[in-house]
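Participant:
So, in structure tokens, the structure goes:
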């Protein structure tokens with residue numbers, strides 16, 4: 001009986017010893033992991049001993065297709081602060097010297113100390129307070145540097161513009177935000193990144209790679225000099241230069257013609273898919289979004305009722321109107337629901353629906369080529385009816401519409417073409433489920449007849465309309481449109497050099513070409529004929545109905561008819577008939593390009609008229 005308590009105590013001591021030994025072993029293993037194996041501990045230890053000072057590379061410059069310099073780098077300066085060394089100073093005097101607002105400076109100090117925005121913050125390490133001071137501002141501050149302990153000036157570069165157009169193509173830079181910092185470990189607070197245009201799309205190529213200077217610091221984080229005399233420093237690698245496919249002279253002309261208007265002009269070299277100009281109107285001078293006034297200017301542009309920051313050429317989606325008819329004709333031919341010679345009647349409109357949609361006066365009946373030349377609405381309504389309602393071809397209207405949509409998508413509508421710029425919109429092409437839901441599966445071609453003439457639910461970007469022109473000009477194929485022609489030391493992505501098949505045979509495309517050529521010789525696009533007997537132009541007008549106001553004016557054209565060199569799409573919001581704005585602007589653009597930067601007296605007169613013709617827009621966007 002007396003041994004039981006002793007045995008129990010021995011067992012308790014044994015368990016306590018085992019527990020103690022286990023805890024010691026666990027701590028030892030944990031310490032071994034933290035000090036020897038853990039990368040985080042090593043990083044923290046190195047962070048205490050070393051300061052990795054970034055060395056910024058020069059950002060790649062940008063040229064146009066003719067080698068004209070568009071965007072370059074200019075010396076600028078950052079105001080750096082070591083918060084531990086900052087003494088009392090006159091904040092208002094600092095703001096006056098550098099022409100900045102007091103609230104902004106206070107916020108910058110808060111952001112510097114915020115470890116969520118600045119995880120590597122140390123009061124002994126230089127921090128960016130104000131970026132992109134110009135030489136005059138930096139010089140003024142240097143003269144008064146003795147008044148500001150803990151402050152210093154660090155040289156770097158800023159974007160500058162020799163060319164003051166193509167803002168939506170070039171883009172702009174802004175300071176990296178939290179999302180940028182979390183998504184790219186090479187960025188630190190205060191870095192600038194591309195925010196739009198090619199500056200954003202080709203950010204990493206333009207940015208290059210930072211170098212590093214490794215500096216020693218003591219236990220309190222104070223900089224004590226370079227580690228090993230710079231033996232382990234790494235140099236910065238400059239960003240690569242870009243050459244755009246844009247012709248800056250052509251771009252300037254397009255922006256001049258679109259003054260006082262909303263809309264877009266897109267020109268493509270059909271053989272290569274290179275975008276020759278990409279005009280979104282209204283636009284702005286890219287200089288406004290460079291330098292330390294960028295934020296203020298951006299707010300002003302954001303508040304402008306005409307939305308100059310909106311890249312209409314690739315982001316605005318419009319009903320394409322009659323510029324859609326060449327696509328419809330090609331599909332009807334390819335699907336075999338019409339032949340080039342079949343003729344349909346037109347009595348100032350589509351007869352089965354009491355002449356709705358309406359049409360203008362022309363001969364009747366008409367076949368495909370004259371229907372394109374005269375832009376006959378009824379003809380394309382008949383074509384859609386033949387495709388959707390004829391059960392000899394498809395067992396149901398739903399299946400017929402899906403065939404139709406497949407063809408339309410192959411021609412470049414209803415999805416993003418993959419232009420090498422951010423923000424491209426996909427447009428909209430409805431499928432059978434849309435109409436099944438709207439009409440409870442009781443619908444036919446008459447229900448959706450407006451899509452036959454590019455109205456109704458159909459939406460397309462000006463880029464997509466231009467790409468349709470490239471597919472027609474190339475007789476059934478196209479290369480993906482792109483704005484970068486070459487990258488210094490790198491090949492262009494094969495996605496932009498490979499041919500895309502439109503699904504339409506070259507034989508059928510020839511009929512579409514013939515109709516568009518006839519439209520210029522004696523049809524709705526007669527005014528586009530800038531060189532009779534010299535250059536054969538093909539075109540198609542568009543007057544797109546607008547439920548919110550006056551109709552939109554559109555034009556799609558290419559030239560010459562054989563071996564085309566250029567395609568143009570013009571879209572002017574509330575411009576009325578296609579012949580009012582779309583055709584004359586398209587004609588001038590093609591003439592200027594095909595005549596190597598020259599205009600005839602008649603062309604110059606049209607250009608002046610277009611430049612001085614503004615459209616009054618209400619405040620409603």
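In the UniProt record's numbering, the protein residues as written are 1 to 621. We put the CB at the ideal spot given by N, CA and C, even for glycine.
Grab me the residues of residue 394's own chain with a C-beta within less than 7 Å of its C-beta, minus the 5 sequence neighbours each way, in chain order.
Facilitator: For the purposes of this step, residue 394 is taken as the residue at position 394 of the chain shown. Within the same chain, residue 394 has close Cβ partners 400, 403.
Participant: Would you check if there are 3 or more beta carbon pairs closer than 8 Å linking the region 477-490 to the region 271-281?
Facilitator: These segments touch.
Participant: Note down, in chain order, each residue of its chain lying with its Cβ closer than 7 Å to the Cβ of residue 42, except the 5 sequence neighbours on either side.
Facilitator: Locating residue 42 in the chain shown gives position 42, counting from the first residue. Summary for residue 42: the model assigns pLDDT 47, below 50, so the residue's position carries little reliability, and this model does not support an answer.
Participant: Tell me whether residue 270 is buried or exposed, calling it buried when 16 or more other Cβ atoms sit within 10 Å of its Cβ.
Facilitator: To locate residue 270, count along the chain shown from 1; it is residue 270. Buried is the call here.
Participant: Which same chain residues, not among the five before or five after residue 128, have their C-beta less than 6 Å away from its C-beta?
Facilitator: Translated into positions along the chain shown, residue 128 becomes position 128. Correct list, in chain order: 78, 190.
Participant: At what residues does the beta strand (DSSP E) containing residue 486 begin and finish?
Facilitator: As a first step, residue 486 must be located in the chain shown, where it is residue number 486. That run of the beta strand (DSSP E) goes 484-487.
Participant: I'd like the span of the beta strand (DSSP E) that includes residue 598, first residue to last.
Facilitator: Translated into the one-based positions of the chain shown, residue 598 becomes position 598. Residue 598 -> no beta strand (DSSP E), and no H or E assigned at all.
Participant: I need the straight-line Cα distance from residue 298 to residue 173, nearest angstrom please.
Facilitator: The residue labelled residue 298 in the question sits at position 298 within the chain shown. The residue labelled residue 173 in the question sits at position 173 within the chain shown. C-alpha separation (whole angstroms): 11 Å.
Participant: Do residue 266 and residue 463 have their beta-carbon atoms positioned less than 8 Å apart in this structure?
Facilitator: Reading the chain shown from its first residue, position 463 is the one you call residue 463. Reading the chain shown from its first residue, position 266 is the one you call residue 266. Contact flag set, yes.
Participant: Under three-state DSSP, which class holds residue 589?
Facilitator: In the chain shown, counting from the first residue as 1, residue 589 sits at position 589. Residue 589 falls in the helix class under three-state DSSP.
Participant: So for residue 25, helix, strand or coil by DSSP?
Facilitator: As a working mapping, residue 25 is identified with position 25 in the chain shown. Helix, per DSSP.
Participant: Less than 8 Å separating the beta-carbons of residue 397 and residue 384?
Facilitator: Looking up residue 397 in the chain shown gives position 397. Looking up residue 384 in the chain shown gives position 384. No, the pair does not count as a contact, with Cβ atoms beyond the cut-off.
Participant: Express the C-alpha separation of residue 541 and residue 130 in angstroms, rounding to a whole number.
Facilitator: As a first step, residue 130 is located in the chain shown; it is residue number 130 there, counting from the start. As a first step, residue 541 is located in the chain shown; it is residue number 541 there, counting from the start. Taking the straight line from one Cα to the other gives about 52 Å.
Participant: State yes or no: is the C-beta of residue 208 within less than 8 Å of the C-beta of residue 238?
Facilitator: Within the chain shown, residue 208 is the residue found at index 208, counting from 1. Within the chain shown, residue 238 is the residue found at index 238, counting from 1. The answer is yes: Cβ separation under 8 Å.
Participant: Which one or two residues does DSSP pair with residue 159 in a beta bridge?
Facilitator: For the purposes of this step, residue 159 is taken as the residue at position 159 of the chain shown. Per DSSP, 73.
Participant: If you check the beta carbons only, do residue 429 and residue 453 fall under 8 Å apart?
Facilitator: Counting from 1 along the chain shown, the entry for residue 429 is found at position 429. Counting from 1 along the chain shown, the entry for residue 453 is found at position 453. No, these two residues do not count as a Cβ contact at 8 Å.
Participant: By a C-beta neighbour count over all protein chains shown, 10 Å radius and 16 as the cutoff for buried, is residue 18 buried or exposed?
Facilitator: Taking the first residue of the chain shown as 1, we reach residue 18 at position 18. Residue 18 is exposed by the Cβ-count criterion.
Participant: On a CA-only basis, which of 250, 525, 436 is nearest residue 595? Give me that one, please.
Facilitator: As a first step, residue 595 must be located in the chain shown, where it is residue number 595. Ranking the options by Cα distance to residue 595, first place goes to 250.
Participant: Between residue 286 and residue 206, which are expected to be in contact by the criterion C-beta below 8 Å, what is the C-beta distance as a whole number of angstroms?
Facilitator: Here the question's residue 286 lines up with position 286 in the chain shown. Here the question's residue 206 lines up with position 206 in the chain shown. About 15 Å; that fails the 8 Å criterion.
Participant: Tell me where the beta strand (DSSP E) around residue 324 begins and ends.
Facilitator: What you label residue 324 is simply residue 324 of the chain shown in a count that begins at 1. Counting along the chain, residue 324 falls outside any beta strand (DSSP E), and DSSP gives it neither H nor E.
Participant: Under DSSP, the beta strand (DSSP E) around residue 104 begins and ends at which residues?
Facilitator: Here residue 104 refers to the residue found at position 104 when the chain shown is read from its first residue. Where residue 104 is concerned, there is no enclosing beta strand (DSSP E), although the alpha helix (DSSP H) it sits in stretches over 102-113.
Participant: Going by DSSP, what residues sit across from residue 553 in a beta bridge?
Facilitator: Locating residue 553 in the chain shown gives position 553, where the first residue counts as 1. In the DSSP output, where bridge partners are listed per residue, residue 553 has 543, 572.
Participant: Consult DSSP for residue 277 and reduce its assignment to one of helix, strand or coil.
Facilitator: By one-based count along the chain shown, residue 277 stands at place 277. Note: residue 277 maps to strand in three-state DSSP.
Participant: Measure the Cβ-Cβ separation of residue 539 and residue 555 and say whether it is below 8 Å.
Facilitator: As a first step, residue 539 must be located in the chain shown, where it is residue number 539. As a first step, residue 555 must be located in the chain shown, where it is residue number 555. Going by C-beta atoms, residue 539 is nearer than 8 Å to residue 555.
Participant: Give every residue of the same chain whose Cβ lies closer than 7 Å to the Cβ of residue 318, excluding the five residues on either side of it in the sequence, and list them in chain order.
Facilitator: Reading the chain shown from its first residue, position 318 is the one you call residue 318. 459, 460, 544, 552, 571.
Participant: Return helix, strand or coil for residue 360, following the three-state DSSP convention.
Facilitator: Translated into the one-based positions of the chain shown, residue 360 becomes position 360. Correct three-state label for residue 360: coil.
Participant: Please name the residue, chosen from 159, 476, 148, 217, that lies closest to residue 69 on a Cα-to-Cα basis.
Facilitator: Indexing the chain shown from 1 puts residue 69 at position 69. Nearest of 159, 476, 148, 217 to residue 69, Cα basis: 159.
Participant: Any Cβ of chain D within less than 8 Å of the Cβ of residue 263?
Facilitator: Any reference to chain D falls outside this structure, which holds one protein chain only.
Participant: Is residue 236 near the ligand HEM, with its Cβ less than 7 Å from a heavy atom?
Facilitator: Judged by which ligands are present, the structure shown has none, so any question about the ligand HEM falls away.
Participant: Just list the alpha helix (DSSP H) runs in the region 184-252, keeping only unbroken ones of 4 residues or longer that don't cross its boundaries, in chain order.
Facilitator: Runs of the alpha helix (DSSP H) inside the region 184-252: 197-201, 203-207.
Participant: If you reduce the DSSP assignment to three classes, tell me which class residue 350 lands in.
Facilitator: Start at 1 with the first residue of the chain shown, and residue 350 comes out as number 350. Correct three-state label for residue 350: coil.
Participant: Would you mind reading off the limits of the beta strand (DSSP E) that contains residue 263?
Facilitator: Against the chain shown, residue 263 aligns to sequence position 263. Unbroken beta strand (DSSP E) run through residue 263: 263-269.
Participant: Rounded to a whole number of angstroms, what is the C-alpha to C-alpha distance between residue 451 and residue 457?
Facilitator: As a working note, residue 451 is residue 451 in the chain shown. As a working note, residue 457 is residue 457 in the chain shown. If I take the Cα positions, the gap works out to 7 Å.
Participant: Return the bridge partner residues of residue 81 from the DSSP annotation.
Facilitator: Numbered from 1 along the chain shown, position 81 holds the residue referred to as residue 81. In the DSSP output, where bridge partners are listed per residue, residue 81 has 127, 151.
Participant: Here's a check: name, in chain order, each residue in its chain whose Cβ is nearer than 7 Å to the Cβ of residue 611, leaving out the five neighbours to either side.
Facilitator: As a working mapping, residue 611 is identified with position 611 in the chain shown. 256, 257, 259, listed in sequence order.
Participant: When we look at the beta-carbon of residue 201 and count the other beta-carbons within 10 Å, is it buried (16 or more) or exposed?
Facilitator: Position 201 of the chain shown, counted from the first residue, corresponds to residue 201. Buried.
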